[in-house]
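**Q**
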Amino acid sequence: MSEKSYRDAIREAMMEEMDRDPNVLIMGEDIGVYEGTFRITAGMLKKYGGKRVIDTPIAEAGMVGTAVGMAMLGLRPIVEMMTMNFAIVAADQILNHAAKVRYFSGGQVDVPVVIRGPQGAGVQLSAQHSQTFESFYAHFPGIKVVAPATPADAKGLLKTSIRGRDPVIFLESAALYGMKGEVPDDPNFTVPFGVSRIAREGSDVTIVSYSRMLQMSLIAAEKLSQDEGIECEVIDLRTLRPLDLEPAYASVTKTHRCVVVQEQWKPFGAAAEIAASITETVFDELDAPVARVTGEDVPMPYARNLELLATPHEQHVIAAVKKVMYNHG
Amino acid sequence: MADVIMPKMGDAMTEGKVIRWYKNSGDAVKKGEPLLEIETDKVNLDLEAEQDGTLGDVAAAAGQMVEVGGVLATILAEGEKAAPKPAAPVAVPAKEQDSKPAPDNAPSRRAIDKKDSIKKSTGEYGEAIDMKAPRIDRTAPAANVVAMPQAEGGRRRSSPLARKMARDMGVSLEQIQGSGPGGRIVASDIKNFKPAAAPAQQKPKAPSLPPVQQLETKDIPLSAMRRTIAKRLAESTGPIPHFYLTAEYDVTNLLALREQLNEIEGIKTSVNDFIVRAAALAIRHHPNVNASWGDDAITQHGEVHIGIAVSTPEGLITPVVRNADEKSVSDIAAEVRSLADKAKNRKLTPNEYQGSTFTISNLGAWGIEQFTAIINPPNVAILAIGAATAQPVVIDRQVVIRDRMKVTMSCDHRVVDGALGAEYLRTLRAYVEQPLRLVL
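Going line by line, the protein sequences match chains A and B. The first sequence begins at 11 in the working numbering and counts up one residue at a time. The second sequence begins at 81 in the working numbering and counts up one residue at a time.
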């Protein structure tokens, strides 16, 4: 175990997998000579050379299309999107090709491609560069959607992504790149898909979240514990497809109250899917409607004060927890 | 010229009452058109014109009793003139016109209908929807729709967990004040709830009393139906030497079977439907209880027609399930329901209430555990069915709770002797206590 940043954990995962399997390669904009806009790929071109660390033109559809072809023929490409916002350009390659090839080929052809990059608000990148995409991709069958909240999970889940048979949308939180945490050193450490974890135990309210909002929920839970004596159980979903809500169901069965936290817009978001599943499955356990904490329903403003107003914060989670406890005091 | 006469709507009918005229003297009438409504001792029905023409003199005003065969009016064919008679009932048509409105509730029904459709429509199309919407009588209870019991003060909001806890604890939400938004009852309300007296909630609710009525001295005119009931039942207990036999049956299995049957889509049976079938099947073993007394001979009937006592606001009537021994429980259930509905609306036709060979009266629904019924002549026996109640019973030297039901048979001793009645009840026991026999 050693302390590493989320950024370093991602790099380490890629390099360990490139060491392990010569079919693994990475391509993207400014990832080679420039070593990555967020410095994720620092040192990689030097170590693996231009055949495995490929600087591409600004052409996301071409990058993903190329990677899908590579994957169909046995390579294991990683495509770095400068931000996940740019992957929209490649949506047809991702959703209509990567996600469909196994189905169309009657199971004969896998597409083990990993499309990864940062997403989310909080670093003043304005409306086009601050969006989150988990509900967009998780809607489609045929792809996996991963959203790690810790350095260890970032590493373990990325290694699972690279080793797997499926196209993976690997959503990194731009605001978490500098976050540090304990990461196992074992090069065979992986985190399986579809296994949620209990990030904090508690008996009063269940908070369900993922990625950066999970970290924020943990801070809110600590404040609630210290200031109010309310103990929240915090569930980290880790992957949205596959989605493992069993720990959430078990937790709600214990607490009878649930708050779901997501970073972005409320309508048709991941929180809606999660809240609906909880209501369907453990309806009789609920003592209050499942509450959602989400971002404001606007394009993300550039101005720092407005960006802060448009994104969820601890006090929103605290208010939602009190609401489901019928505690307005 | 043709006379409109009071018809004989059954053997027992001697007279009928004119309820209202739809046509006035001088009105043109067509064959098949209803002329007037009459009340017999069992039903109300419309009399239709038997030929085209003009309604001549009306001989019987509304409210008047007319003997069977008595002339009510005449219909004049084209060109015919009314016989120049003194116009005795001259005042009648005018009066009838006043009391002629179509069904009493029509105006208010329409008003409600209109309001309803406006409420349901939206925006500028409201008017069009109102005009075009089919006139559905939304005030009438829809068939097959079971009305939700209206909780006092509307629906009580409660969280799913609160409902579950209340169920588990046997607490009624109606006793609890909700502390959540909008008065929602939440888990803490259930947890903090202190029942006033713990055992009190376990007790079934005290039966509610019927409303207190104004006490007054008054004469209630005898309806034709009430007259008939009085006459026939007096004829019964007077000349018929009654005796009574009571048996108690274990109906636990029957109730379970009924529950199973009712789980099948589209089947709805009552306990009485099973009893009707059981009684009919038992008659096959003892046809001498399916008989009538005559001065020269006892007539034993070749078919089993079970009369079922149905209470209506006007009084008692016994619609008949014909060949009940050949019908399934679910067929009997459907038929009895239909007959009971007709009886309550006084729409039974004579062949639907005449010709029973055996009768069943069931007061179980009123909580009566045992009673004796008066034979419905010309039957020679009637079964009085009580309520099924849970009773401690000793079986294999163990006290167990079983559902029991008391059945009392009234017999006409001229035809049915004690032993025969007892044998019939023993056979009936086999059907009731081993109810699979009823579905064989």
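Positions of the beta carbon are idealized from the N, C-alpha and C atoms, including for glycine. Source: prediction; values computed, not measured.
Which partner residues does Leu325(B) have in the DSSP bridge list?
**A** Answer by DSSP bridge pairing, in chain order: Met489(B).
**Q** Is the Cβ-Cβ distance between Glu90(A) and Ile153(A) less than 8 angstroms?
**A** Going by C-beta atoms, Glu90(A) is not nearer than 8 angstroms to Ile153(A).
**Q** Is the shortest distance between the beta-carbon of Lys271(B) and the beta-carbons of chain A less than 8 angstroms?
**A** It does not: the Cβ of Lys271(B) has no partner Cβ on chain A nearer than 8 angstroms.
**Q** Indicate whether Leu463(B) and Val487(B) have their beta-carbon atoms separated by less than 8 angstroms.
**A** Yes, they are a contact pair.
**Q** Is the distance from the Cβ of Phe150(A) to the Cβ of Ala184(A) below 8 angstroms?
**A** Their beta carbons are not under 8 angstroms apart, which means Phe150(A) does not touch Ala184(A) by this criterion.
**Q** For Ala129(B) and Ala92(B), what's the separation of their Cα atoms in angstroms?
**A** So the alpha carbons of these two residues sit roughly 24 angstroms apart.
**Q** Please list the terminal residues of the continuous beta strand (DSSP E) segment that includes Asn124(B).
**A** First-last of the beta strand (DSSP E) with Asn124(B): Asn124 to Glu128.
**Q** Does chain A have any CB closer than 8 angstroms to the CB of Leu241(B)?
**A** It does; some Cβ of chain A falls within 8 angstroms.
**Q** Have a look at Asp102(A), Ile98(A) and Thr66(A) and flag the residue whose alpha-carbon is nearest the alpha-carbon of Ile88(A).
**A** Cα-wise, what sits closest to Ile88(A) is Thr66(A).
**Q** Count the other CB atoms within 10 Å of the CB of Asp307(A); is the residue buried (16 or more) or exposed (fewer)?
**A** By the neighbour-count rule (16 or more Cβ atoms within 10 Å), Asp307(A) is not buried but exposed.
**Q** Quick one: is Thr321(A) buried, meaning 16 or more other Cβ sit within 10 Å of its Cβ, or exposed?
**A** Buried, since its Cβ has 16 or more Cβ neighbours within 10 Å.
**Q** By the DSSP assignment, the alpha helix (DSSP H) with Pro515(B) in it spans what residues?
**A** No alpha helix (DSSP H) contains Pro515(B), which DSSP labels as neither H nor E.
**Q** Given this structure, state the Cα-to-Cα distance separating Lys244(B) from His266(A), to the nearest angstrom.
**A** The alpha-carbon atoms of Lys244(B) and His266(A) are separated by roughly 12 angstroms.
**Q** Which residues, in order along the segment 275–303 of chain A, keep a beta-carbon less than 7 angstroms from a beta-carbon of chain B?
**A** From the segment 275–303 of chain A, only Phe293, Asp294, Glu295, Leu296, Asp297 and Ala298 have a Cβ closer than 7 angstroms to chain B.
**Q** Tell me the DSSP secondary structure of Pro161(A) in three-state form.
**A** Residue state, collapsed to three classes: helix.
**Q** To the nearest angstrom, how far is the alpha carbon of Gly346(B) from that of Leu516(B)?
**A** When rounded, the distance between both Cα atoms is 20 angstroms.
**Q** How far does the beta strand (DSSP E) with Val84(B) in it extend, from its first residue to its last?
**A** Its beta strand (DSSP E) spans residues Ala82 to Ile85.
**Q** Name, going along the chain, the residues of the segment 247–270 of chain A whose beta-carbon falls closer than 8 angstroms to a beta-carbon of chain B.
**A** Listed by position, the residues of the segment 247–270 of chain A near chain B (Cβ gap below 8 angstroms) are His266.
**Q** Can you check whether the C-beta of Gly263(B) is within less than 8 angstroms of a C-beta belonging to chain A?
**A** For Gly263(B), the answer is no, since every Cβ of chain A falls outside 8 angstroms of its Cβ.
**Q** Please list, in chain order, all residues of the same chain as Asp132(B) whose beta carbon is under 6 angstroms from its beta carbon, the five residues on each side excluded.
**A** Closer than 6 angstroms at the Cβ level, and outside the excluded window around Asp132(B), lie Lys110 and Lys111.
**Q** How far does the alpha helix (DSSP H) with Ile240(A) in it extend, from its first residue to its last?
**A** Premise fails: Ile240(A) is in no alpha helix (DSSP H) and is neither H nor E.
**Q** Considering only DSSP beta bridges, list what Trp522(B) is partnered with.
**A** This structure gives no information on residue 522(B), because the portion of chain B shown stretches from 81 to 520.
**Q** I need the boundaries of the beta strand (DSSP E) containing Ser372(B), first residue and last residue.
**A** Segment Ala371 to Trp373, the beta strand (DSSP E) holding Ser372(B).
**Q** Quick one: residues in its chain with C-beta nearer than 7 angstroms to the C-beta of Arg86(A), no 5 flanking neighbours on either side, listed in chain order?
**A** So the qualifying residues of the chain are Asp31, Asn33, Val34, Pro122 and Ile172.
**Q** Any beta carbon of chain A sitting closer than 8 angstroms to that of Val390(B)?
**A** No, no contact with chain A.
**Q** By the three-class DSSP mapping on this structure, what secondary structure does Ala182(B) have?
**A** Only weak support exists for where Ala182(B) lies, its pLDDT of 43 falling under 50; the value from the coordinates is given anyway. DSSP places Ala182(B) in coil when its eight states are reduced to three.
**Q** Have a look at Val334(A) and Pro277(A) and give me their C-alpha separation to the nearest angstrom.
**A** Near 20 angstroms, if we compare the C-alpha coordinates of Pro277(A) and Val334(A).
**Q** Answer yes or no: does any C-beta atom of chain B fall closer than 8 angstroms to that of Tyr336(A)?
**A** Yes, Tyr336(A) lies at the interface with chain B (some Cβ there is under 8 angstroms from its Cβ).
**Q** Can you check whether the C-beta of Val473(B) is within less than 8 angstroms of a C-beta belonging to chain A?
**A** So, not an interface residue.
**Q** Just to confirm before moving on: does the CB-CB distance between Gln257(B) and Asp269(B) stay below 8 angstroms?
**A** Yes, the Cβ-Cβ distance between Gln257(B) and Asp269(B) is below 8 angstroms.
**Q** Is it the case that the Cβ atoms of Leu255(A) and Val201(A) are separated by a distance below 8 angstroms?
**A** No, Cβ-Cβ distance for Leu255(A) and Val201(A) is not below 8 angstroms.
**Q** Tell me which residues of the segment 249–260 of chain B have at least one Cβ-Cβ distance to chain C shorter than 8 angstroms, keeping chain order.
**A** The question asks about chain C, but that chain is absent: this structure's protein chains are A and B.
**Q** For Pro472(B), name the three-state secondary structure that DSSP assigns.
**A** In this structure, Pro472(B) counts as strand in the three-state DSSP scheme.
**Q** Can you pull the chain A neighbours of Ala510(B), defined as C-beta to C-beta under 7 angstroms?
**A** In chain order: nothing, as chain A lies at least about 45 angstroms away.
**Q** State the Cα-Cα distance for the pair Thr264(A) and Ala280(A), rounded to the nearest angstrom.
**A** The question names Thr, but residue 264(A) is Lys in the sequence shown. Between Lys264(A) and Ala280(A), the C-alpha separation is close to 23 angstroms.
**Q** Hey, would you say Ile245(A) sits closer than 8 angstroms to Ile208(A), going by beta carbons?
**A** Their beta carbons are under 8 angstroms apart, which means Ile245(A) touches Ile208(A) by this criterion.
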